[in-house]
Amino acid sequence: MSTDTSLSLNTLTKRTVRAWWADGLWDFAVAGFNVLLAGWFYIWVRVRAFPSWTWPWPFITNETVNPMQVQFLLWTIGLIPFTAVYAYGAYRLVTLLKSRWLASRQGDVRHPFWLKVEPRTLVVYLLACLGLFVTITWLALTVTGGAHFASTIIISAYGAVLLALGSAYSLARYIWSGALGILACTLTELFLTSSADFMRGPTGFFNVAPDFGNPAIPLLIFAAIFLVTGLVGLVQVLRKAPYEQQ
Amino acid sequence: MSSSDPDFSDLAAINRMVHEPARLAILAVLAGCESCDFQFLLNMTQLSKGNLSAQTIKLSETGYIEIEKGFNGRMPSTRYRITPAGRQALAQYSQHLKLILNRF
Numbered sequence: 022m023s024t025d026t027s028l029s030l031n032t033l034t035k036r037t038v039r040a041w042w043a044d045g046l047w048d049f050a051v052a053g054f055n056v057l058l059a060g061w062f063y064i065w066v067r068v069r070a071f072p073s074w075t076w077p078w079p080f081i082t083n084e085t086v087n088p089m090q091v092q093f094l095l096w097t098i099g100l101i102p103f104t105a106v107y108a109y110g111a112y113r114l115v116t117l118l119k120s121r122w123l124a125s126r127q128g129d130v131r132h133p134f135w136l137k138v139e140p141r142t143l144v145v146y147l148l149a150c151l152g153l154f155v156t157i158t159w160l161a162l163t164v165t166g167g168a169h170f171a172s173t174i175i176i177s178a179y180g181a182v183l184l185a186l187g188s189a190y191s192l193a194r195y196i197w198s199g200a201l202g203i204l205a206c207t208l209t210e211l212f213l214t215s216s217a218d219f220m221r222g223p224t225g226f227f228n229v230a231p232d233f234g235n236p237a238i239p240l241l242i243f244a245a246i247f248l249v250t251g252l253v254g255l256v257q258v259l260r261k262a263p264y265e266q267q
Numbered sequence: 044m045s046s047s048d049p050d051f052s053d054l055a056a057i058n059r060m061v062h063e064p065a066r067l068a069i070l071a072v073l074a075g076c077e078s079c080d081f082q083f084l085l086n087m088t089q090l091s092k093g094n095l096s097a098q099t100i101k102l103s104e105t106g107y108i109e110i111e112k113g114f115n116g117r118m119p120s121t122r123y124r125i126t127p128a129g130r131q132a133l134a135q136y137s138q139h140l141k142l143i144l145n146r147f
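Top line first, the protein sequences correspond to chains A and B.
Be aware that the first sequence starts at 22, since it is given in my numbering, and climbs by one per residue.
Be aware that the second sequence starts at 44, since it is given in my numbering, and climbs by one per residue.
1. Is S29 (chain A) helix, strand or coil by DSSP?
2. From the DSSP output, in three-state form, read off A52 (chain B) for me.
3. Hey, which unbroken runs of the alpha helix (DSSP H) at 4 residues or more fall wholly within the stretch 36-75 of chain A?
4. Rounded to a whole number of angstroms, what is the C-alpha to C-alpha distance between A71 (chain B) and R39 (chain A)?
5. Since R124 (chain B) is in the beta strand (DSSP E), which residue starts that stretch and which ends it?
6. Could you check the C-alpha separation between L160 (chain A) and R69 (chain A) for me, to the nearest Å?
7. Identify which residue in A:L162, A:L192, A:V145, A:S191 has its Cα closest to the Cα of A178 (chain A).
8. Output, in sequence order along the chain, the residues in the stretch 197-216 of chain A whose CB is closer than 7 Å to any CB in chain B.
9. Per DSSP, which residues does A230 (chain A) bridge with? Please list them.
10. Could you compute how far the alpha carbon of L30 (chain A) sits from the alpha carbon of N235 (chain A)?
11. With which residues is L150 (chain A) paired in a DSSP beta bridge?
12. Taking C-beta to C-beta, are A230 (chain A) and V51 (chain A) nearer than 8 Å?
13. What in chain B is Cβ-close to G128 (chain A), meaning under 9 Å?
14. Taking the alpha carbon of P140 (chain A) as the reference point, which residue from A:A189, A:G199, A:T97 has its own alpha carbon closest?
15. Are any of the Cβ atoms in chain A nearer than 8 Å to that of S137 (chain B)?
16. How long is the line joining the alpha carbons of E84 (chain A) and F134 (chain A), rounded to whole angstroms?
17. Quick check on DSSP: helix, strand or coil for E139 (chain A)?
18. What did DSSP end up calling E63 (chain B) once you bin it into helix, strand or coil?
19. Do you know offhand how far F83 (chain B)'s Cα is from L192 (chain A)'s?
20. Taking only three categories from DSSP, how would you classify E104 (chain B)?
21. Anything in chain A within Cβ reach of N115 (chain B), meaning under 7 Å, just list it in chain order.
Okay, here's the thing in structure tokens:
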């Protein structure tokens, strides 16, 4: 045992916490959430940014004063219970799958719904998030002359959480996938998107709202990345022989 | 002995139930989760089955962990969970040891 006992203890405890992400099942749950959130944002941004956009409420005409106010508010607030229900449902499902399907290969470990993260990890996350937001905004202003703040927040938040978790719990696949996601999303933002006309509305998926952008784009890119990282983690676990055969 | 000299009574007062490396490893693993089964604990601590079983019984008798026997589907399963007393003992042990190491 090392003389730095606290380090050894922390390492063992961290390895136990890391087991939550190691098999990749949670990555699939996050990918699913990203796809649903992309759909939610797709509507939210268009309703918020373009007066001509009334879907999914086509019965409301443009002549009405503030036609989408109540619906928009309900749509916005609805994200909170939706997120809570999805997160708890996904937690229960992932816990069940780990227990019934993967326990014979990696043992059965149950984590609390609220995982306590070290304060240092939170500081790293906040600094990375802020740093990414400032850098991507600066790049967008320099290269394209305008920044898409909602999209940039999504890129920064997801990129930072992957980098912070990856470094705190030695999850190499989160570090490279975080870096890859940040790069892919930033390049898409800079070179593939264009700002839509305010009155006419967007003409395509990459024709995005000025100022807001289209957060569905980074969310779907990160969803694809989470699917890959999930598969990588799952394959690693499935390659291990069940304990009975060891 | 001056007040700055190491006081060996500190060393003698260390919690020996936690200080034993195998039990320390078990508590450190359990501190990172809600509960886990025997296989996971075995995998993480790298102890032998007999030693792990003996040490968990000792920790359970002290009230630092709880042992729950049940079934995972149709397979018998033994689960382990750290108690609040176990968590507190581990935190106190860590502080105590840091204090001692800093003074020597």
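All C-beta atoms, glycine included, are put in the ideal place defined by N, C-alpha and C.
Since the model is a prediction, treat every value here as computed from it, not as a measurement.
To lay it out plainly:
1. Helix.
2. A quick correction: the sequence has Ser, not Ala, at residue 52 (chain B). In this structure, S52 (chain B) counts as helix in the three-state DSSP scheme.
3. The qualifying runs are 46-70.
4. Going from the Cα of A71 (chain B) to the Cα of R39 (chain A) covers about 13 Å.
5. The continuous beta strand (DSSP E) containing R124 (chain B) extends over residues 118-125.
6. Cα atoms of L160 (chain A) and R69 (chain A): separation of roughly 25 Å, rounded to the nearest angstrom.
7. Of A:L162, A:L192, A:V145, A:S191, the residue nearest in Cα terms is A:V145.
8. Of all residues in the stretch 197-216 of chain A, none has a Cβ within less than 7 Å of some Cβ in chain B.
9. A:G234, per the DSSP bridge assignment.
10. Each residue's alpha carbon lies about 44 Å from the other.
11. The identity of residue 150 (chain A) in the sequence shown is Cys, whereas the question assumes Leu. Answer by DSSP bridge pairing: none, since C150 (chain A) is not bridged.
12. Taking 8 Å as the Cβ cut-off, A230 (chain A) and V51 (chain A) do not qualify as a contacting pair.
13. Identification of chain B residues near G128 (chain A) by a Cβ-Cβ cut-off of 9 Å yields C79, D80, F81, Q82, F83, L84, L85, N86, M87, ordered along the chain.
14. For the residues A:A189, A:G199, A:T97, the minimum Cα distance to P140 (chain A) belongs to A:A189.
15. Taking Cβ atoms only, chain A reaches closer than 8 Å to S137 (chain B), which makes this a yes.
16. Its pLDDT being 49, under 50, E84 (chain A) is placed unreliably in this model, and the coordinates cannot settle the point.
17. Coil at E139 (chain A), not helix or strand.
18. Here E63 (chain B) carries a coil assignment [DSSP, helix/strand/coil].
19. Approximately 19 Å, taken between the alpha carbons.
20. When DSSP states are grouped into helix, strand and coil, E104 (chain B) belongs to the helix group.
21. In chain order: S120, A124, D129.
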